[in-house]
Amino acid sequence: MSFNPNIVGFACQWCTYAGADLAGNLRCKYPPTIKLIKVPCSGTVEAEFILEALRRGADGVLVGGCHFGDCHYKEGNYKAARRMKLLKKLIADEGFDSRRFRLEWISGAEGMKFAEVVTEFTNELIELGPSPLKKAVKP
Amino acid sequence: MMSFISKMFNETDGENTNSNISNPSPVDETERHTHTAPQHLEDVATSIEDKDIAQVKAEKKQTEKSEKLKFAFMLAGGCAGCEMALIDISEKLVDTLDHLEIVFWAPTAADVKYKDLEAYPDNFIDLAFVDGMVRNTENEHMVTVLRQKSKVLVAFGACATVGGVAAMGDLHTKDELFDYAYKQSWSTDNPDGVLPTSEYILDGKYNLTIPAFTDRCMTIAELVDVDFFIGGCPPHHDFIAATVNLVLSGEMPAKGTWLTSGKAVCDVCTRNPAITGEMRRPVGQVFRTVEGQPDPVKCLLQQGYICFGPMTQGDCGAACLKANMPCRGCGGPIPGIKDFGARCLTTIGSTLKDERTCDQLMEKYPQLAKFVYRYSYTSGMIDKRKSAESVPSRRNLP
Ligand code: SF4
Ligand code: SF4
Ligand code: SF4
Chain A
614 MSFNPNIVGF ACQWCTYAGA DLAGNLRCKY PPTIKLIKVP CSGTVEAEFI
664 LEALRRGADG VLVGGCHFGD CHYKEGNYKA ARRMKLLKKL IADEGFDSRR
714 FRLEWISGAE GMKFAEVVTE FTNELIELGP SPLKKAVKP
Chain B
4 MMSFISKMFN ETDGENTNSN ISNPSPVDET ERHTHTAPQH LEDVATSIED
54 KDIAQVKAEK KQTEKSEKLK FAFMLAGGCA GCEMALIDIS EKLVDTLDHL
104 EIVFWAPTAA DVKYKDLEAY PDNFIDLAFV DGMVRNTENE HMVTVLRQKS
154 KVLVAFGACA TVGGVAAMGD LHTKDELFDY AYKQSWSTDN PDGVLPTSEY
204 ILDGKYNLTI PAFTDRCMTI AELVDVDFFI GGCPPHHDFI AATVNLVLSG
254 EMPAKGTWLT SGKAVCDVCT RNPAITGEMR RPVGQVFRTV EGQPDPVKCL
304 LQQGYICFGP MTQGDCGAAC LKANMPCRGC GGPIPGIKDF GARCLTTIGS
354 TLKDERTCDQ LMEKYPQLAK FVYRYSYTSG MIDKRKSAES VPSRRNLP
């Protein structure tokens, strides 16, 4: 029973992406489950991107942005927070486990937090098992 | 009259010699999507916009003998509203009838039977419209047959293109649906709790069958190859007339095209802040349509009445807005949208002022999926039921 979850991460270039970098510099240990996509701001992540990742077989999706008040574009992360809240509800309504989707605020100074979040999310996904959408996906 | 058909097929003759068309097995999704260039009617209609049908008719009469286009219209899992919308083009339809020979229009308008359709040779029909989604085994079978008998197949209306209202049923299990429809609804009188079964033996000897409910709804393009798409619940008669014009003129666009304006409802809405000069502000309070009286001139979304105008095709000319009601998305998604519901949330999420308004929206619309996918659930990207046994395909959104 060796299920290795496949996580797609959208990371804001100013905070979470820098945080991931720091995690590397600090030699933090975390499972190699996440594939990070650098985005200008968590506010650029459209709900469709997340559904697309899930539909194409990601077991989980992580969106990472700056803490409130720290957004490079002032309110991108506030917008992200509202969209993601609505999206979580939407996928739950559709009968899909909304725990597969996660939003975290991780600053550029929080390398440790990045590693912890990925570890925790990976464990949670191992418990949930592979995404039910997975077997439906054609290469 | 046959010029558009021959034109279409001349272009693709090379591909079609292996009888792609007569063998309507569902096309691989990637293949199906490659030819869906986001073209729209206004791009292609300009060249013929000044010609009216009478003129086209006269030209055609000169160049060709009175050969008529064989036309079919089939109601799959829809409500026949789309067919009424075609009839709504009134005089234009009467003019058109000189050029169309209706070989099948069941069960609504013509006295033909399924077996008549089944008996036609392959590719016998020049142009066929389907309205409604695929909801039962009868729809499944007949749409497949129609595809086989038709040179050009058009998915007509919201149900056929993106799923339509009935597709929201897929948010429930079959047991829930049957239980409500046959036992619990206020108009049901069924003391023994009998549920329909697809096979039944009457008096111990007559074997009766009725179509079986399929596991889930499908759009037409999920089942068979579709040549053109027309959105709307039902499509607006101006666009139907324009389509009929196109067909008769032989100026059909590339396969996979949506024969719609491609413009958003906001584009044609007189309340648009860009037109009224109103300042755009974050929305601080959400209202349902039953609460209060919205200002009849200002943008409804700005007033907190959630409106899907920004992501919906406005072939209707913003009809609902003229009646002081917000758009609910019946026109189908504007080009570039992969998932209508998700795009609604992206857009609306970022117009809301704060966390509190977001919570208010979720309270007022507790079934968020039914709210944002009212007309398009089947074409959404996530559907648990679909994922279990089949490939969630990207059904030809614009
Ligand atoms: S799109 Fe609307 S009008 Fe057309 S069949 Fe479906 S429900 Fe009826
Ligand atoms: S959001 Fe609605 S009311 Fe506002 S401009 Fe667009 S269509 Fe009109
Ligand atoms: S305003 Fe929206 S819901 Fe109303 S008819 Fe037009 S597209 Fe349909």
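Read top to bottom, the protein sequences are chains A and B. The numbering used here runs 613 ahead of the 1-based position in the first sequence. The numbering used here runs 3 ahead of the 1-based position in the second sequence. A virtual CB, placed ideally from N, CA and C, is assigned to each residue, including glycine.
Query raised in the report: Can you tell me whether DSSP reads residue 168 of chain B as helix, strand or coil?
Result: helix
Requested in this report: Closer than 9 Å, Cβ to Cβ, to anything on chain A: give me those residues from the stretch 219–244 of chain B, in chain order.
Outcome: none
Query - Extent of the continuous alpha helix (DSSP H) to which residue 88 of chain B belongs - result: 84–90
Query - Contact between the stretch 161–178 of chain B and the stretch 73–88 of chain B (3+ Cβ pairs under 8 Å) - result: yes
Query raised in the report: For residue 322 of chain B versus residue 660 of chain A, is the C-beta distance shorter than 8 Å?
Result: no
Query - DSSP three-state assignment for residue 248 of chain B, whether helix, strand or coil - result: helix
Requested in this report: Name, please, each residue of chain B whose Cβ falls closer than 8 Å to the Cβ of residue 558 of chain A.
Outcome: Residue 558 of chain A is absent from the model: chain A starts at 614 and stops at 752.
Query raised in the report: For a contact meaning CB atoms closer than 8 Å, what does residue 692 of chain A contact in chain B?
Result: 352, 353
Query raised in the report: Taking three-plus beta-carbon pairs below 8 Å as touching, is the stretch 167–184 of chain B in contact with the stretch 214–234 of chain B?
Result: yes
Query raised in the report: Do the stretch 717–735 of chain A and the stretch 627–635 of chain A touch if we need at least three Cβ pairs shorter than 8 Å?
Result: yes
**Report entry** Cβ-based contacts, 7 Å cut-off: residues of the stretch 659–689 of chain A near chain B
**Finding:** 659, 660, 661, 664, 665, 667, 668
**Report entry** Straight-line gap, residue 735 of chain A to residue 710 of chain A (C-alpha atoms, nearest Å)
**Finding:** 15 Å
Query raised in the report: Using DSSP with H/G/I as helix, E/B as strand and the rest coil, what is residue 635 of chain A?
Result: helix
Query raised in the report: With C-beta atoms as the reference, is residue 689 of chain A less than 8 Å away from residue 641 of chain A?
Result: no
Query raised in the report: Is it buried or exposed for residue 193 of chain B, if we count other Cβ within 10 angstroms and need 16 for buried?
Result: exposed
Requested in this report: Would you mind telling me which residues of chain A sit closer than 7 Å to residue 361 of chain B, beta carbon to beta carbon, in chain order?
Outcome: 695, 698, 699
Requested in this report: Measure from the C-beta of residue 634 of chain A to each C-beta in chain B and report whether the shortest distance is under 8 Å.
Outcome: no
Query raised in the report: Near residue 190 of chain B, which residues of its chain fall below 8 Å by C-beta distance, leaving aside the five closest residues on each side in sequence?
Result: none
Query raised in the report: Are the C-beta atoms of residue 87 of chain B and some chain A residue less than 8 Å apart?
Result: no
Query raised in the report: Applying the criterion that 16 or more other CB atoms from any shown protein chain within 10 Å of the CB defines a buried residue, is residue 651 of chain A buried or exposed?
Result: exposed
Query raised in the report: Which residues in the same chain as residue 176 of chain B place their Cβ atom closer than 6 Å to its Cβ, once the five residues preceding and following it in sequence are excluded?
Result: none
**Report entry** Beta-carbon contacts of residue 667 of chain A that lie in its chain and below 8 Å, excluding the five residues immediately before and after
**Finding:** 674, 704, 709, 713, 714, 744, 746
Query - At least three beta-carbon pairs within less than 8 Å, the stretch 342–359 of chain B to the stretch 681–697 of chain A - result: yes
Requested in this report: Classify residue 47 of chain B as helix, strand or coil using the three-state DSSP reduction.
Outcome: Any answer about residue 47 of chain B is weak, because its pLDDT of 45 lies below 50 and its placement is not dependable; what the coordinates show is given next. Helix at residue 47 of chain B.
Query raised in the report: Between residue 628 of chain A and residue 636 of chain A, what straight-line distance do the alpha-carbon atoms span, to the nearest angstrom?
Result: 12 Å
Requested in this report: Give the DSSP bridge partners of residue 717 of chain A, in chain order.
Outcome: A/677
Requested in this report: Can you have a look at residue 291 of chain B and say buried or exposed, based on whether 16 or more other CB atoms are within 10 angstroms of its CB?
Outcome: exposed
**Report entry** Same chain only: Cβ atoms within 6 Å of residue 244 of chain B, ignoring 5 sequence neighbours per side
**Finding:** 92, 95
Requested in this report: Between the Cα of residue 731 of chain A and those of A/626, A/638, A/616, A/649, spot the shortest distance and give me the residue it belongs to.
Outcome: A/649
Requested in this report: Pull up the distance between the alpha-carbon of residue 367 of chain B and that of residue 296 of chain B, whole angstroms please.
Outcome: 17 Å
Query raised in the report: What are the start and end residues of the beta strand (DSSP E) that includes residue 188 of chain B?
Result: Careful: residue 188 of chain B lies outside any beta strand (DSSP E) and carries neither H nor E.
Query raised in the report: Where residue 623 of chain A and residue 198 of chain B are concerned, what is the direct C-alpha to C-alpha distance, given to the nearest angstrom?
Result: 48 Å
Query raised in the report: Is it buried or exposed for residue 616 of chain A, if we count other Cβ within 10 angstroms and need 16 for buried?
Result: exposed
Requested in this report: Leaving out five residues on either side along the sequence, give the residues of the same chain with a beta carbon under 6 Å from the beta carbon of residue 737 of chain A.
Outcome: none
Report task. Going by CA-CA distance only, name the one from B/85, B/307, B/282, B/174 that's closest to residue 294 of chain B. Result -> B/307
Query raised in the report: In chain order, what residues place their C-beta within less than 6 Å of a heavy atom belonging to ligand 1?
Result: B/81, B/82, B/84, B/85, B/134, B/135, B/160, B/161, B/162, B/167, B/168, B/236, B/237
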